[in-house]
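Residue numbers (the working numbering): 429 to 676. Positions of the beta carbon are idealized from the N, C-alpha and C atoms, including for glycine. Everything on this sheet refers to the single structure shown next.
Encoded structure:
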């Protein structure tokens, strides 16, 4: 966080180039990755994405500057490591899971709309999980805050396990040489639904808080067999919105 006293604006600054205590990777790789993220925020600009306002080289590293969004991260592992994330009333994730279902569904709609935009622009979401989400509990708005690993299609898994949380990752994200595409995004969106209105890894109807018809959409989206999922985020969103409209 950075306070711009001249303009009286609070900004968020992401910096790469310092060897911090908690980072075990290569600082140069982190710097290049942050530099490469700038075109992503420009190309994928969307109301559900935090707004990049500047970027520059500084002090042997690189910085990106974003418009401030007054939200709480839904995976604050540094402050509420599991199981506190799920059980502590002060945890943002706990608070979110206890919001009325219509507000959680509204948040999901924003996430899905953004990733429909990502698909239309020809990109694949990589490393998207609840740690990529900020939620404002005052105005009930959600923002995506980290798209640094998103890739232009076509993309092939070069790492075996790609970057990301295993709670959200499809089987192909663990296979070197596997195609990572629209169907991978579909899985990710289904996993997000199970995280925010279901039982996360317990993907049973018993743990589902939303309308039952939406459960079956999320279930199809997270099929291990990619050929049994929706063919695209567009197809997934069409079905999701159809059911949502019938519920309203």
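Residue range 455-471 is occupied by the alpha helix (DSSP H) that includes residue 455. Secondary-structure assignment with DSSP links residue 584 through a beta bridge to 607.
If you compare the alpha carbons of 622, 582, 626 with that of residue 605, the shortest gap goes to 582. Looking at 533, 610, 608, 561, the one whose alpha-carbon comes closest to that of residue 642 is 533. By alpha-carbon distance to residue 572, the top candidate from 538, 548, 586 is 538. A distance below 6 Å between beta-carbons, with the five flanking residues on each side excluded, links residue 636 to the following residues of its chain, in chain order: 626, 643.
Taking one beta carbon from each stretch, the segment 499-506 and the segment 563-580 have 3 or more pairs nearer than 8 Å; the two touch. Closest option to residue 578, judged by alpha-carbon separation, among 665, 444, 461: 461. The C-alpha of residue 473 is placed about 14 Å away from the C-alpha of residue 482.
Distances from the CA of residue 575 to each of 456, 535, 614, 559 were compared; the closest alpha carbon is that of 559. Counting C-beta pairs with one atom in each stretch, the segment 606-622 and the segment 650-662 have three or more that are closer than 8 Å, which means they touch. Of 580, 536, 632, 599, the smallest CA-CA separation from residue 550 is found for 580.
For residue 516, same chain residues with a beta-carbon under 8 Å away, outside a window of 5 residues either side, are 508, 522 in chain order. Within a 10 Å sphere around the beta-carbon of residue 616 sit 16 or more other beta-carbons, which makes this residue buried. For the options 656, 655, 596, the alpha carbon positioned closest to that of residue 630 is the one of 596. Under the DSSP definition of a beta bridge, residue 562 partners with 501, 571.
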